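There are 2 protein chains.
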Amino acid sequence: MADIAPVLDRIDADLDTALERLFELVRCQSISTDPAYAAECRKAAEMLAADLSGIGFDARVAPTPGHPMVVGHDLSADGPHVLFYGHYDVQPVDPLELWEADPFDPAVRTREDGTKYLSGRGTSDDKGQLMTFVEACRAWKAVHGSLPCKVTILLEGEEESGGKSLPPFMKEHADELKADIAMVCDTGMWDRETPAITTMLRGMMTDEVIIHAADRDLHSGFYGGAAANPIRVLAKVLAALHDDDGRVQIPGFYDGVPELDPAILKSWEGLGFTAEQFLGQIDLSVPAGETDRTALEQVWSRPTCEFNGIVGGYTGEGFKTVIPAKASAKISTRLVGTQDPHKIRASLRAFIEERLPADCRAEFIEHGSGSATVMPTDDPIFAKAQAVLTEEWGKDAAFIGCGGSIPVVADIAGILGMDTLLIGFGLEDDRIHSPNEKYELSSFHKGTRSWARVLGAIGG
Amino acid sequence: MADIAPVLDRIDADLDTALERLFELVRCQSISTDPAYAAECRKAAEMLAADLSGIGFDARVAPTPGHPMVVGHDLSADGPHVLFYGHYDVQPVDPLELWEADPFDPAVRTREDGTKYLSGRGTSDDKGQLMTFVEACRAWKAVHGSLPCKVTILLEGEEESGGKSLPPFMKEHADELKADIAMVCDTGMWDRETPAITTMLRGMMTDEVIIHAADRDLHSGFYGGAAANPIRVLAKVLAALHDDDGRVQIPGFYDGVPELDPAILKSWEGLGFTAEQFLGQIDLSVPAGETDRTALEQVWSRPTCEFNGIVGGYTGEGFKTVIPAKASAKISTRLVGTQDPHKIRASLRAFIEERLPADCRAEFIEHGSGSATVMPTDDPIFAKAQAVLTEEWGKDAAFIGCGGSIPVVADIAGILGMDTLLIGFGLEDDRIHSPNEKYELSSFHKGTRSWARVLGAIGG
């Protein structure tokens, strides 16, 4: 088994240039939801393929009907074969005025207490996270001339925008992508000091509804009272989606929602999690989900229905007494157990249709979806990874749940038949998807060291 | 009594240049709600003051804390004194992509049936309407060298944005503005052939609520379920504002709402109004207001509560799984009888506050308000105006209600102690406040002739 110590030393010595490589990637405005940024997405993909080639991977930019994939192989080593997945696309940056600095001009910043962090869109989700793996590979190659195991890297450009191209791409390239285990770096630590392996992920179903009423915007003086108001119709429909106890009212919504294994529930109780502290950091205090569930259940093991955007009528400065022709909302559900995203989408749409007045119609726009996942934590690979993470961070690595959805994990299981080791170094205060996204310098540095150790442990 | 016939001839002969004067005014982008257009508002005011001076008025642009007023006097005639009010500001033009032509590049357009109309923002509301009065004065002066009665003209620049400067301006200049009767041209005809005097106007109260939850936008994966979602809170609150029968649930809302005089209700029945036809022209069919009221009552004599704008979270292309920090709505109520806008604003706000979860707070932005008005139709001046309108149009002029609110009418009554003769030539399909606003050429032409006749009748 090749020695890990010089690999870690190399990572320490190379930190500044590793940061410069990450920053060059962050400067690419690879916002995948907005077609205006398609060229920036391609640029990010090309930059990554070139970087992997430079390390010695057989890498290419592979076309899809949407943004391209980056695929790279280094299969020269003996030992097991690992498929690493990351995504180079990022969330939109609006509202831009809330950013303290240009989101695409990353920097290392130092807090009063001396801790350092990287600022900019994608420093955490997912450019910073995916580069921890790439940098770990680079160090292994630099020190030992080879990786400790076979590695295939797949980097997607549509994770933040529905990821429609990924499942067909996986199907078409299944032989090339199939490995012994998948690794994904798109999750978080338990806290600033405690590393974690995420073994439970909620699924997702995202949909958009547009309520149409009159054939034009109306003056509320002439028509107000008699004309159907789509904002009022939409508010009624959205308000009906939860009862007063926070339970989602979509028929069949809770089909396939399991009760938690008491052992897992008990281990969660040992994490010292409190709703006050969790919500306190975002200036809230009262859990808003099902009233008979703890806040940790609400975010890890219970399904939800959230409204992510709403718009209709005049929203500028001042007042315009208009009755709009339409109003729309973006709705997402987080799924657990065996909840079926397709059934839930159909049931949500029927729920809305049933509540429309005769004059209104609903138009729907389908966005992405994925089922929930629970990992087989008794696979020895989970114990190996847990051991080296504990070694690197000096604190026991935890098996945790995650409220977020990583649809690729369901696709890796369903299409490629593989389990996934979810190790990430994000923190809850990273503000991913929000203004002022950041990534801890320690996450980037020790994250790279962590992957170097995990690769070594699996290859050893 | 000076002869009206040559005045009408002069109006006919001068139509093309009158249109050119109106179009020059329409080209001013005097959108009062948006501070970016302040200079355009001032330009419109200066243009109008210069035009009035040119006719022989003693006219000036008078400053206010907001957009300026235009005030002009021609008091050389004997006879009663008339105060004419209009507004030179216009509504915003978004969504711009729905306009068939540049809203600020007006033109005369001809339909297949040969009828003509003027296209552009403000051609109807209120630049086209106010210019009918100015052109009538111009013709009287050109033909007879003087007006048939004393005329003061007051033109406002904030009617579409709350009109906050008007009441203090009226108070400060009450002596200068006081006259025997006010005239306002900001209302509609009964239909394309039937002129109308509006004797019943709904009042208005406009307010804006912003629901604040977490101190930043959140990722719904991490926080979804446990964190309060302001869109959900807002939807619940808005949905609670009407019951299933369309009755507004704000406590005390119906205080001061009178039952209609059976005689007026009967006269309305004679107008041949049908909900099918009224709503059919905007592609609707079912009256959306109180289920126990006719559609005509819903728009003329019953109060309403409407949502004119709503926004929160991600509203761009694609999907962003954010839980926003805030969500907001613009709410307006139309008022009748002696409903008190101030009490209703306070009651609405209390209604919202009572329904907030512990973690959320509501911020309110006050917009404009005004009480409802009913005119004394037994004043002989109403009969005189009705007679000459009937003469001009060849159809009996109707006394009608109006769902719209013209707060200045309440201010003229309250501050200056005057009644108002509301005569306007707008049509229901003028799309005021909407894309593709227009004004009938016949409204402009015969409207100018109508005012010339009304001035003559009052002066005679």
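As you go down the protein sequences, you meet chains A and B in turn. Residue numbering for the first sequence follows my numbering, starting at 35 and increasing by one per position. Residue numbering for the second sequence follows my numbering, starting at 35 and increasing by one per position. We treat Cβ as the ideally placed atom computed from N, Cα and C, and that holds for glycine. Owing to the predicted nature of the structure, the values given are computational and were not obtained by experimental measurement.
Residue pairing of residue 141 of chain B in beta bridges, as defined by DSSP: B:153.
Of the residues B:388, B:376 and B:338, the one whose Cα lies closest to the Cα of residue 368 of chain B is B:338. Counting other Cβ atoms within 10 Å of its Cβ, residue 304 of chain B stays below 16 and is therefore classed as exposed.
Put simply, the backbone Cα of residue 135 of chain A is about 12 Å away from that of residue 129 of chain A. Taking a cut-off of 8 Å for Cβ pairs, the region 225–240 of chain A and the region 302–316 of chain B do not touch, as fewer than three such pairs fall below it. With distances taken between CA atoms, residue 336 of chain B lies nearest to B:371 out of B:371, B:353, B:318 and B:302.
The Cβ atoms of residue 410 of chain B and residue 237 of chain B lie no closer than 9 Å to each other.
Burial is judged here by how many other beta carbons sit within 10 angstroms of a residue's own beta carbon; residue 464 of chain A has at least 16 and is buried.
Rounded to the nearest whole angstrom, the CA to CA distance from residue 97 of chain A to residue 449 of chain A is 19 Å. According to the DSSP secondary-structure assignment, residue 215 of chain B is paired through a beta bridge with B:116. The beta carbon of residue 196 of chain A is closer than 8 Å to those of 240, 401 and 402 in its chain, skipping five residues each way along the sequence. Look at residue 46 of chain B here: in three-state DSSP terms it is helix. Within the region 36–86 of chain A, the complete alpha helix (DSSP H) runs of at least 4 residues fall at 39–47 and 49–60. Contact between residue 437 of chain B and residue 347 of chain A is ruled out by a C-beta separation of about 17 Å, above the 8 Å threshold.
Taking a beta-carbon distance threshold of 9 Å, residue 294 of chain A does not count as an interface residue toward chain B.
Neighbours of residue 398 of chain B in chain A, taken as residues at a C-beta separation under 8 Å, are lacking, since the least C-beta distance is about 13 Å. With respect to the 9 Å criterion, residue 115 of chain A and residue 214 of chain A are classified as neighbours on the basis of their beta carbons. Residues of chain A whose Cβ lies closer than 8 Å to the Cβ of residue 351 of chain B are, in chain order, 67, 68 and 69. Per the C-alpha coordinates, the member of A:474, A:171 and A:253 positioned closest to residue 341 of chain B is A:253.
In terms of beta-carbon proximity, residue 462 of chain B lines the interface with chain A, with at least one pair separated by less than 9 Å.
At a cut-off of 9 Å between C-beta atoms, residue 348 of chain B counts as an interface residue with respect to chain A. Distance between residue 245 of chain A and residue 279 of chain B, taken at the CA atoms: about 20 Å. Among the residues of chain A, those whose CB is under 7 Å from the CB of residue 125 of chain B are 354, following chain order. Per DSSP, residue 424 of chain A is one residue of the alpha helix (DSSP H) stretching across 414–427.
Look at residue 339 of chain B here: in three-state DSSP terms it is strand.
Between the C-alpha atoms of residue 412 of chain A and residue 452 of chain A there is a straight-line separation of about 15 Å. At a cut-off of 9 Å between beta-carbon atoms, residue 122 of chain B makes no contact with chain A. Looking at the DSSP output, residue 189 of chain B sits in a beta bridge with B:104 and B:120. From the listed residues A:320, A:256 and A:390, the smallest Cα separation to residue 332 of chain B is found for A:256. Of the other Cβ atoms in all chains shown, 16 or more fall within 10 Å of the Cβ of residue 266 of chain A; this residue is therefore buried. Assigned with DSSP and collapsed to three states, residue 473 of chain A falls in strand. In the three-state reduction of the DSSP assignment, residue 222 of chain B falls in the strand class.
Under the 10 Å beta carbon count, residue 376 of chain B is surrounded by fewer than 16 other beta carbons and is classified as exposed. Judged by DSSP in its simplified three-state form, residue 480 of chain B adopts helix. Unbroken beta strand (DSSP E) stretches of 3 residues or longer found wholly inside the region 341–392 of chain B: 360–369, given in chain order. In the three-state DSSP reduction, residue 320 of chain A falls in the coil class, being neither helix nor strand.
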